[in-house]
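Residue numbers (the working numbering): 15 to 287. Ideal Cβ placement from N, Cα and C applies to all residues, glycine included. Predicted model, so just to flag it, every value in this text is computed and none were measured. What follows is a single structure, written as structure tokens, with notes after it.
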Amino acid sequence: MKPNSVTIVANDQPKETHKILIERSVEKQTTLLEAPPFNKYNWCKNTSELGVLNTAQEINASLAIQLANAWINRNNKYDWLKKCNVGLNGMKQAPIWEINEQDKQALRDVKWLGRNQVLNVTPNLSYFLDGAHTIESIQLCSKWYQNICPKSQLNIQNILIFNVTALRDYCTFLKIILTENKIDLVLICPIITSIDNRRPDTVNLNFNYEEELIKCYNMKNSIDFCDVKVFNSIQETIKHVEMCSSSEKNTSYQVLVTGSLKLVGGVLEVLQS
């Protein structure tokens, strides 16, 4: 927050966060606005062409719309701010207007790699990538995977590629995903693209490979109700998935990758190489 600026935050903030945001805005002498709920906009037509959006995507879409509008109107800020109303929680709400076709096209075409991203690699192999790494984002990721995965096919193999960074609570993350989704196989590996190529730009300087491998086996031992395999690198993990999918053409492989943004980034790097 900066003096005499406009700060726009996502709606539906926790009470504790909401209180701190208001205090800081007063302290920093900034105008604090809340982006309105996604369904409050006056859409020029229906929103079905945007696809099925989950709660997080709707929150982020509204925030993106408001940030873009604030930038466009930065030279007549005060006229724009007159259109703001007070929201239900007492915080001023950014203006609501009719979304035009250009706005809709921007939302439709936006790409956010590694967040709610679907990659259809072959006719029977798809990756579902989401860099969720908190309890709240893992819960949203789990619901997204439930809603977006095709369920009509008879032969489906659901695979989870998983790891976490630092001291994150992997037991809770795994419990959420594995109890809410039908996962047939869990693949765990250290967050390194390959053993042979430890490029400086992809390696955490605090990364200890042996310790990470031990952590992977600890994760494996915490799972007792589905098959789990540990691999030495992301590359080896992806090769295993490709081998399985290529040998069983009549089975649809749906691979969820989550738990860490670094893991998702590593998987994207391997898939694109």
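Return the Cβ separation of residue i and residue j in integer angstroms, given the expectation that the two are a contact with Cβ distance under 8 Å.
i	j	result
K33	M15	About 15 Å separates the two Cβ atoms, so there is no contact after all.
G128	V269	That pair is no contact at about 14 Å.
V20	A49	Actually they do not touch by this definition, with Cβ atoms about 12 Å apart.
G280	T207	5 Å
V284	I252	5 Å
I73	D123	Incorrect: roughly 19 Å between the Cβ atoms, too far for contact.
L47	K106	5 Å
Considering only their Cβ atoms, is the gap separating residue j from residue i smaller than 8 Å?
i	j	result
S156	E194	yes
I173	Y267	yes
N169	G273	no
F138	S259	This sequence places Asn at residue 138; Phe is not what is there. Result yes, Cβ atoms of N138 and S259 sit closer than 8 Å.
P17	T44	yes
V244	C185	no
L143	Q153	no
V242	K234	yes
K125	P109	no
A78	L67	no
K141	V40	This sequence places Tyr at residue 141; Lys is not what is there. Result no, Cβ atoms of Y141 and V40 do not sit closer than 8 Å.
Q171	D210	no
L282	H147	no
S261	L188	no
N56	W111	yes
L192	C240	yes
Per the DSSP calculation, residue i is bridged to which residue(s)?
i	result
T21	L46
Y267	L139 and Q171
V288	No statement about residue 288 is possible, as the shown extent of the chain runs from 15 to 287 and does not include it.
K106	V100
Helix, strand or coil for residue i per DSSP?
i	result
K234	helix
S208	coil
W111	coil
N27	What sits at residue 27 in the sequence shown is Gln, not Asn. Correct three-state label for Q27: coil.
D241	strand
N53	helix
K229	helix
G280	helix
L275	helix
S247	coil
K33	helix
message: Give the list of continuous alpha helix (DSSP H) stretches no shorter than 4 residues that lie fully inside the segment 122–190.
response: Taking 4 residues as the shortest admissible run, the segment 122–190 contains the following complete alpha helix (DSSP H) segments, listed from N- to C-terminal end: 149–162.
field: Contained alpha helix (DSSP H) runs [length at least 4] in the segment 61–102, N- to C-terminal order
entry: DSSP runs (the alpha helix (DSSP H)) wholly in the segment 61–102: 69–86 and 91–95.
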